[in-house]
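Please read the structure below before turning to the comments.
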Amino acid sequence: MPIVDSAIYRKGVRESHHVTLDQTFEDLHEHGGFAWIGLYRPTEAELAAVADEFELHHLAIANAKTGHQRPKLQRFGDTLFVVLRPARYLEETEQVEFGEVHLFIGPNFAITIRHAESPDLAQVRRRLEADPELLALGPQAVLYAVLDEVVDGYGPVVDGMEDDIDEIEDELFSGDPDVARRIYELAREAMGFQRATHPLVRIFKSLESGYDKYQVDIELRRDMRDVLDHVLRIVERADLFRALLENALTVHSTLVTQAQNEEMRQLSHASIEQGDQVKKISSWAAILFTPGLVAGIYGMNFTHMPELSWVLGYPMAMGLMLLSAGLLYVVFKRHNWL
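Below, the structure is given as C-alpha coordinates:
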(Lines of atoms letter the chains of each structure in order from A and count residues from 1; the text may use other names and numbers.)
(Lines give C-alpha, C1' and ligand atoms only; values in the text may rest on other atoms or scores of the structure.)
Protein backbone atom coordinates (compact mmCIF):
# COMPACT_ATOMS: atom_id res chain seq x y z
CA MET A 1 0.00 0.00 0.00
CA PRO A 2 1.47 3.41 -0.95
CA ILE A 3 -0.19 5.06 2.10
CA VAL A 4 1.51 3.35 5.02
CA ASP A 5 -0.04 5.53 7.71
CA SER A 6 -1.90 8.84 7.87
CA ALA A 7 -2.84 10.42 11.17
CA ILE A 8 -3.53 13.71 12.94
CA TYR A 9 -1.66 14.62 16.14
CA ARG A 10 -2.70 17.21 18.69
CA LYS A 11 -0.68 18.06 21.80
CA GLY A 12 1.54 15.06 21.25
CA VAL A 13 -1.31 12.56 21.06
CA ARG A 14 -2.60 10.67 18.05
CA GLU A 15 -6.17 11.84 17.63
CA SER A 16 -7.29 10.06 14.49
CA HIS A 17 -6.24 7.60 11.80
CA HIS A 18 -7.42 7.90 8.22
CA VAL A 19 -7.40 5.49 5.32
CA THR A 20 -7.50 8.13 2.60
CA LEU A 21 -5.64 11.39 2.13
CA ASP A 22 -8.92 13.28 1.70
CA GLN A 23 -10.03 12.25 5.18
CA THR A 24 -6.72 13.42 6.63
CA PHE A 25 -6.96 16.78 4.87
CA GLU A 26 -10.55 17.30 6.01
CA ASP A 27 -9.77 16.45 9.64
CA LEU A 28 -6.74 18.74 9.64
CA HIS A 29 -8.75 21.69 8.31
CA GLU A 30 -11.61 21.19 10.76
CA HIS A 31 -9.77 20.39 13.99
CA GLY A 32 -6.17 21.57 13.57
CA GLY A 33 -3.08 19.81 14.90
CA PHE A 34 -0.54 18.46 12.45
CA ALA A 35 -0.73 15.65 9.93
CA TRP A 36 1.89 12.93 9.62
CA ILE A 37 1.50 11.10 6.34
CA GLY A 38 3.73 8.11 5.59
CA LEU A 39 4.00 7.02 1.95
CA TYR A 40 5.83 4.08 0.39
CA ARG A 41 6.69 4.53 -3.29
CA PRO A 42 3.61 6.67 -3.88
CA THR A 43 1.87 7.08 -7.21
CA GLU A 44 1.94 10.36 -9.10
CA ALA A 45 -1.71 10.95 -8.20
CA GLU A 46 -1.00 10.63 -4.48
CA LEU A 47 1.99 12.94 -4.71
CA ALA A 48 -0.07 15.42 -6.67
CA ALA A 49 -2.81 15.34 -4.03
CA VAL A 50 -0.33 15.96 -1.22
CA ALA A 51 1.38 18.71 -3.22
CA ASP A 52 -1.90 20.51 -3.90
CA GLU A 53 -3.07 20.29 -0.31
CA PHE A 54 0.14 21.57 1.31
CA GLU A 55 1.32 23.75 -1.60
CA LEU A 56 4.60 21.87 -2.02
CA HIS A 57 7.12 23.25 -4.49
CA HIS A 58 7.02 21.57 -7.89
CA LEU A 59 10.80 21.05 -7.97
CA ALA A 60 10.71 19.15 -4.69
CA ILE A 61 7.80 17.04 -5.93
CA ALA A 62 9.72 16.28 -9.14
CA ASN A 63 12.66 15.06 -7.04
CA ALA A 64 10.37 12.97 -4.87
CA LYS A 65 8.89 11.32 -7.97
CA THR A 66 12.15 10.30 -9.58
CA GLY A 67 14.13 9.35 -6.50
CA HIS A 68 17.84 8.54 -6.73
CA GLN A 69 18.67 11.88 -5.09
CA ARG A 70 21.74 12.75 -3.06
CA PRO A 71 21.23 13.71 0.60
CA LYS A 72 20.28 17.37 0.80
CA LEU A 73 18.10 19.97 2.47
CA GLN A 74 16.16 22.63 0.60
CA ARG A 75 13.89 25.37 1.96
CA PHE A 76 10.82 26.45 0.03
CA GLY A 77 9.31 29.20 2.14
CA ASP A 78 8.40 27.66 5.49
CA THR A 79 8.59 24.10 4.10
CA LEU A 80 11.66 21.89 4.32
CA PHE A 81 12.47 19.24 1.74
CA VAL A 82 15.01 16.72 3.05
CA VAL A 83 16.55 13.76 1.25
CA LEU A 84 18.29 11.06 3.30
CA ARG A 85 20.15 7.91 2.28
CA PRO A 86 19.73 5.31 5.02
CA ALA A 87 21.85 2.17 4.90
CA ARG A 88 21.83 -1.29 6.37
CA TYR A 89 24.42 -4.06 6.50
CA LEU A 90 23.35 -7.44 5.14
CA GLU A 91 25.11 -10.15 7.12
CA GLU A 92 24.24 -12.91 4.65
CA THR A 93 26.03 -11.30 1.71
CA GLU A 94 28.36 -8.97 3.66
CA GLN A 95 27.14 -6.02 1.60
CA VAL A 96 25.78 -2.56 2.33
CA GLU A 97 22.31 -1.76 1.00
CA PHE A 98 21.33 1.89 0.57
CA GLY A 99 17.79 3.23 0.71
CA GLU A 100 16.21 6.64 0.19
CA VAL A 101 13.81 8.71 2.29
CA HIS A 102 12.24 12.05 1.40
CA LEU A 103 10.66 14.35 3.98
CA PHE A 104 8.45 17.40 3.63
CA ILE A 105 8.30 19.30 6.92
CA GLY A 106 5.90 22.22 7.21
CA PRO A 107 4.13 24.19 9.95
CA ASN A 108 1.30 21.65 10.27
CA PHE A 109 2.45 18.58 8.38
CA ALA A 110 5.19 15.99 8.12
CA ILE A 111 5.27 13.83 5.01
CA THR A 112 7.68 10.91 4.82
CA ILE A 113 8.23 9.15 1.51
CA ARG A 114 10.14 5.90 1.58
CA HIS A 115 11.65 4.44 -1.61
CA ALA A 116 13.25 1.35 -0.03
CA GLU A 117 12.62 -1.19 2.71
CA SER A 118 14.74 0.65 5.26
CA PRO A 119 14.50 2.45 7.57
CA ASP A 120 11.49 1.24 9.53
CA LEU A 121 9.58 4.50 9.87
CA ALA A 122 6.69 2.69 11.57
CA GLN A 123 9.08 2.10 14.45
CA VAL A 124 9.92 5.81 14.47
CA ARG A 125 6.22 6.65 14.65
CA ARG A 126 5.68 4.24 17.56
CA ARG A 127 8.65 5.67 19.43
CA LEU A 128 7.38 9.21 19.03
CA GLU A 129 3.82 8.28 19.96
CA ALA A 130 5.24 6.79 23.17
CA ASP A 131 6.78 10.19 23.98
CA PRO A 132 3.92 12.74 23.83
CA GLU A 133 6.10 15.50 25.23
CA LEU A 134 8.51 15.23 22.28
CA LEU A 135 5.74 14.66 19.73
CA ALA A 136 3.98 17.80 21.02
CA LEU A 137 6.82 19.82 19.47
CA GLY A 138 5.22 19.17 16.09
CA PRO A 139 6.64 18.28 12.66
CA GLN A 140 10.16 19.28 13.72
CA ALA A 141 10.08 16.39 16.19
CA VAL A 142 9.26 14.03 13.31
CA LEU A 143 12.26 15.35 11.39
CA TYR A 144 14.51 14.83 14.41
CA ALA A 145 13.22 11.28 15.00
CA VAL A 146 13.74 10.25 11.36
CA LEU A 147 17.24 11.76 11.32
CA ASP A 148 18.06 9.96 14.55
CA GLU A 149 16.78 6.65 13.18
CA VAL A 150 18.78 6.99 9.97
CA VAL A 151 21.98 7.92 11.81
CA ASP A 152 21.52 5.09 14.33
CA GLY A 153 21.14 2.72 11.39
CA TYR A 154 24.63 3.65 10.25
CA GLY A 155 26.14 2.05 13.39
CA PRO A 156 25.76 -1.60 12.29
CA VAL A 157 26.99 -0.60 8.83
CA VAL A 158 30.17 0.84 10.34
CA ASP A 159 30.70 -2.31 12.44
CA GLY A 160 30.10 -4.60 9.46
CA MET A 161 32.44 -2.68 7.16
CA GLU A 162 35.10 -2.62 9.89
CA ASP A 163 34.92 -6.42 10.20
CA ASP A 164 35.18 -6.77 6.41
CA ILE A 165 38.25 -4.53 6.31
CA ASP A 166 39.86 -6.56 9.12
CA GLU A 167 39.30 -9.71 7.06
CA ILE A 168 40.84 -8.03 4.04
CA GLU A 169 43.94 -7.09 6.03
CA ASP A 170 44.29 -10.71 7.19
CA GLU A 171 43.92 -12.05 3.63
CA LEU A 172 46.11 -9.41 2.02
CA PHE A 173 49.31 -11.47 2.31
CA SER A 174 47.68 -14.83 1.65
CA GLY A 175 48.07 -14.59 -2.12
CA ASP A 176 44.34 -15.10 -2.70
CA PRO A 177 43.53 -13.71 -6.19
CA ASP A 178 40.00 -12.75 -5.06
CA VAL A 179 41.33 -10.20 -2.57
CA ALA A 180 41.59 -7.47 -5.20
CA ARG A 181 37.95 -7.93 -6.19
CA ARG A 182 36.84 -7.81 -2.56
CA ILE A 183 38.89 -4.66 -1.91
CA TYR A 184 37.31 -3.00 -4.94
CA GLU A 185 33.79 -3.94 -3.80
CA LEU A 186 34.44 -2.64 -0.30
CA ALA A 187 35.95 0.57 -1.69
CA ARG A 188 32.82 1.10 -3.78
CA GLU A 189 30.66 0.58 -0.68
CA ALA A 190 32.86 2.98 1.29
CA MET A 191 32.40 5.64 -1.39
CA GLY A 192 28.65 5.09 -1.33
CA PHE A 193 28.70 5.37 2.46
CA GLN A 194 30.63 8.63 2.22
CA ARG A 195 28.09 10.02 -0.25
CA ALA A 196 25.30 9.09 2.18
CA THR A 197 26.90 10.53 5.33
CA HIS A 198 29.02 13.53 4.31
CA PRO A 199 26.08 15.74 3.26
CA LEU A 200 24.44 15.20 6.65
CA VAL A 201 26.89 17.65 8.21
CA ARG A 202 25.68 20.40 5.86
CA ILE A 203 22.07 19.40 6.50
CA PHE A 204 22.45 19.82 10.25
CA LYS A 205 24.30 23.11 9.82
CA SER A 206 21.48 24.39 7.61
CA LEU A 207 18.91 23.32 10.17
CA GLU A 208 20.88 25.01 12.91
CA SER A 209 20.91 28.29 11.00
CA GLY A 210 17.11 28.30 11.03
CA TYR A 211 16.52 27.43 14.69
CA ASP A 212 15.85 30.99 15.79
CA LYS A 213 13.83 31.99 12.74
CA TYR A 214 11.50 29.00 13.00
CA GLN A 215 11.46 28.97 16.82
CA VAL A 216 12.73 25.43 17.27
CA ASP A 217 12.43 24.22 20.86
CA ILE A 218 15.65 24.39 22.90
CA GLU A 219 15.46 20.71 23.90
CA LEU A 220 14.98 19.71 20.30
CA ARG A 221 18.05 21.76 19.38
CA ARG A 222 20.09 19.82 21.94
CA ASP A 223 18.80 16.53 20.59
CA MET A 224 19.76 17.61 17.08
CA ARG A 225 23.27 18.51 18.23
CA ASP A 226 23.59 15.06 19.81
CA VAL A 227 22.67 13.44 16.49
CA LEU A 228 25.17 15.73 14.74
CA ASP A 229 27.91 14.48 17.08
CA HIS A 230 27.09 10.92 16.00
CA VAL A 231 27.17 12.01 12.36
CA LEU A 232 30.63 13.57 12.75
CA ARG A 233 32.01 10.38 14.26
CA ILE A 234 30.48 8.28 11.50
CA VAL A 235 31.89 10.59 8.83
CA GLU A 236 35.35 10.23 10.36
CA ARG A 237 35.01 6.44 10.29
CA ALA A 238 33.81 6.53 6.69
CA ASP A 239 36.85 8.59 5.69
CA LEU A 240 39.12 6.19 7.59
CA PHE A 241 37.58 3.20 5.80
CA ARG A 242 38.19 4.84 2.43
CA ALA A 243 41.83 5.55 3.32
CA LEU A 244 42.40 2.02 4.65
CA LEU A 245 40.96 0.44 1.52
CA GLU A 246 43.04 2.68 -0.74
CA ASN A 247 46.14 1.66 1.24
CA ALA A 248 45.12 -1.99 1.04
CA LEU A 249 44.70 -1.71 -2.71
CA THR A 250 48.14 -0.07 -2.98
CA VAL A 251 49.74 -2.78 -0.84
CA HIS A 252 48.04 -5.50 -2.88
CA SER A 253 49.26 -3.94 -6.11
CA THR A 254 52.77 -3.78 -4.66
CA LEU A 255 52.63 -7.42 -3.62
CA VAL A 256 51.37 -8.46 -7.04
CA THR A 257 54.16 -6.46 -8.70
CA GLN A 258 56.75 -8.05 -6.41
CA ALA A 259 55.41 -11.51 -7.19
CA GLN A 260 55.52 -10.77 -10.91
CA ASN A 261 59.06 -9.43 -10.60
CA GLU A 262 60.10 -12.56 -8.72
CA GLU A 263 58.56 -14.72 -11.43
CA MET A 264 60.35 -12.71 -14.09
CA ARG A 265 63.61 -13.02 -12.17
CA GLN A 266 63.21 -16.77 -11.95
CA LEU A 267 62.31 -16.97 -15.62
CA SER A 268 65.30 -14.82 -16.51
CA HIS A 269 67.57 -17.00 -14.36
CA ALA A 270 66.20 -20.14 -16.00
CA SER A 271 66.62 -18.55 -19.42
CA ILE A 272 70.23 -17.64 -18.65
CA GLU A 273 70.97 -21.17 -17.45
CA GLN A 274 69.30 -22.58 -20.53
CA GLY A 275 71.36 -20.24 -22.71
CA ASP A 276 74.56 -21.41 -21.01
CA GLN A 277 73.65 -25.02 -21.66
CA VAL A 278 72.89 -24.22 -25.30
CA LYS A 279 76.28 -22.51 -25.61
CA LYS A 280 78.07 -25.53 -24.22
CA ILE A 281 76.20 -27.94 -26.44
CA SER A 282 76.81 -25.73 -29.50
CA SER A 283 80.52 -25.40 -28.65
CA TRP A 284 81.07 -29.13 -28.30
CA ALA A 285 79.03 -29.73 -31.44
CA ALA A 286 81.29 -27.30 -33.35
CA ILE A 287 84.44 -28.87 -31.89
CA LEU A 288 83.35 -32.38 -32.88
CA PHE A 289 82.08 -31.23 -36.25
CA THR A 290 85.51 -30.23 -37.65
CA PRO A 291 87.29 -33.60 -37.01
CA GLY A 292 84.19 -35.33 -38.27
CA LEU A 293 84.36 -33.26 -41.45
CA VAL A 294 88.01 -34.24 -42.06
CA ALA A 295 87.32 -37.87 -41.26
CA GLY A 296 84.28 -37.79 -43.52
CA ILE A 297 86.28 -36.45 -46.45
CA TYR A 298 89.00 -39.05 -46.11
CA GLY A 299 86.48 -41.76 -45.51
CA MET A 300 85.04 -41.42 -49.01
CA ASN A 301 87.69 -43.83 -50.43
CA PHE A 302 87.74 -42.56 -54.00
CA THR A 303 90.41 -44.17 -56.19
CA HIS A 304 92.05 -40.97 -57.33
CA MET A 305 92.32 -39.06 -54.04
CA PRO A 306 95.85 -37.61 -54.03
CA GLU A 307 96.54 -38.13 -50.31
CA LEU A 308 95.61 -41.81 -50.16
CA SER A 309 99.09 -43.00 -51.25
CA TRP A 310 100.94 -40.37 -49.21
CA VAL A 311 102.92 -41.77 -46.31
CA LEU A 312 102.29 -38.70 -44.14
CA GLY A 313 98.56 -38.50 -45.03
CA TYR A 314 97.27 -40.23 -41.94
CA PRO A 315 99.44 -38.27 -39.43
CA MET A 316 98.52 -35.05 -41.24
CA ALA A 317 94.76 -35.83 -41.09
CA MET A 318 94.97 -36.67 -37.40
CA GLY A 319 96.97 -33.58 -36.70
CA LEU A 320 94.51 -31.45 -38.65
CA MET A 321 91.61 -32.85 -36.64
CA LEU A 322 93.35 -32.32 -33.31
CA LEU A 323 94.53 -28.84 -34.25
CA SER A 324 91.10 -27.64 -35.43
CA ALA A 325 89.39 -29.09 -32.35
CA GLY A 326 92.00 -27.53 -30.08
CA LEU A 327 91.68 -24.09 -31.69
CA LEU A 328 87.90 -24.14 -31.40
CA TYR A 329 88.14 -25.22 -27.76
CA VAL A 330 90.46 -22.31 -26.96
CA VAL A 331 88.18 -19.81 -28.76
CA PHE A 332 85.01 -21.01 -27.01
CA LYS A 333 86.77 -21.15 -23.63
CA ARG A 334 88.01 -17.58 -24.02
CA HIS A 335 84.44 -16.40 -24.72
CA ASN A 336 83.12 -18.32 -21.68
CA TRP A 337 81.08 -20.70 -23.77
CA LEU A 338 82.78 -23.65 -22.09
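Position 231, counted from 1, in the sequence shown is what the working numbering calls 1407; the numbers after and before it change by one each time, with no gaps.
Glycine is no exception: its CB is placed at the ideal position from the N, C-alpha and C atoms.
In its own chain, which residues sit with a C-beta less than 8 Å from the C-beta of residue i, not counting the 5 before and 5 after it?
| i | result |
| --- | --- |
| D1415 | Q1370 |
| D1254 | G1282, P1283 and Y1390 |
| K1241 | E1220 and L1223 |
| L1266 | V1272 and E1273 |
| L1204 | I1184, F1210, A1211, N1284 and F1285 |
| G1208 | R1186 and N1284 |
For residue i, I'd like the list of residues in its chain whose CB is within less than 7 Å of its CB, leaving aside the five on either flank, ordered along the chain.
| i | result |
| --- | --- |
| R1397 | Y1387 |
| D1340 | E1270 and L1362 |
| Q1442 | none |
| V1334 | I1410 and R1413 |
| A1312 | K1187 and G1188 |
Enumerate in chain order the residues of its own chain whose CB-to-CB distance from residue i is below 6 Å, with the five nearest sequence positions on each side excluded.
| i | result |
| --- | --- |
| M1497 | P1467 and V1470 |
| D1181 | G1214 |
| R1190 | A1183 and E1305 |
| A1298 | none |
| A1321 | V1300 and L1304 |
| L1260 | P1247, V1277 and V1326 |
| E1347 | V1355 |
| L1576 | No answer is possible for residue 1576: it lies beyond the span of the chain, which begins at 1177 and ends at 1514. |
Using only alpha-carbon positions, find the residue among the options that is nearest to residue i.
| i | options | result |
| --- | --- | --- |
| E1229 | H1207, F1201, G1208 and N1239 | F1201 |
| G1329 | R1358, L1313, E1273 and A1306 | E1273 |
| P1247 | P1283, L1488, R1441 and H1374 | H1374 |
| T1426 | V1355, E1343 and V1226 | V1355 |
| F1380 | A1238, N1512 and V1258 | V1258 |
| I1463 | D1342, P1491 and F1508 | F1508 |
| E1365 | A1461, M1337 and H1511 | M1337 |
| A1294 | F1349, A1221 and Y1216 | The identity of residue 1294 in the sequence shown is Ser, whereas the question assumes Ala. Out of F1349, A1221 and Y1216, Y1216 has the C-alpha closest to the C-alpha of S1294. |
| I1287 | H1406, D1342, L1223 and L1249 | L1223 |
| V1300 | A1312, E1325, F1285 and R1413 | E1325 |
| I1289 | F1349, E1267 and T1219 | T1219 |
| Q1316 | I1394, H1234 and P1262 | I1394 |
| A1225 | G1489, I1179, M1440 and G1331 | I1179 |
| A1372 | A1446, G1314, S1458 and G1275 | G1275 |
| L1139 | L1503, E1231 and R1358 | For the chain, the structure presents residues 1177 to 1514; residue 1139 sits outside this window and is missing. |
| E1309 | W1460, G1368, F1417 and R1186 | R1186 |
| G1188 | G1314, N1423 and E1268 | G1314 |
| R1510 | K1456, D1198 and A1263 | K1456 |
| S1350 | L1431, Y1360 and L1256 | L1431 |
| D1352 | H1428, P1332 and L1404 | H1428 |
| A1292 | R1264, R1302, E1268 and F1280 | R1264 |
Pull up the DSSP beta-bridge partners for residue i, would you.
| i | result |
| --- | --- |
| Q1136 | Look at the range of the chain in this structure, 1177 to 1514, and you will see that residue 1136 is not part of it. |
| F1210 | Y1185 |
| K1248 | V1259 |
| T1288 | G1214 and L1279 |
| I1448 | According to DSSP, I1448 bridges with nothing at all. |
| I1179 | L1215 |
I'd like the span of the beta strand (DSSP E) that includes residue i, first residue to last.
| i | result |
| --- | --- |
| H1168 | Nothing in the structure corresponds to residue 1168, since the chain is present only between 1177 and 1514. |
Which first and last residues belong to the alpha helix (DSSP H) in which residue i is found?
| i | result |
| --- | --- |
| T1242 | H1234 to T1242 |
| E1220 | E1220 to F1230 |
| G1489 | G1489 to R1510 |
Less than 7 Å separating the Cβ of residue i from some heavy atom of the ligand ADP?
| i | result |
| --- | --- |
| A1224 | This structure lacks the ligand ADP, and indeed carries no ligand of any kind. |
- [ ] Please specify which runs of the alpha helix (DSSP H), each continuous and at least 4 residues long, are wholly inside the segment 1305-1368, giving them in chain order.
- [x] 1308-1311 and 1315-1347
Open item on the list: If we require 4 or more residues per run, which alpha helix (DSSP H) segments fall completely within the segment 1397-1437?
Closed with: none
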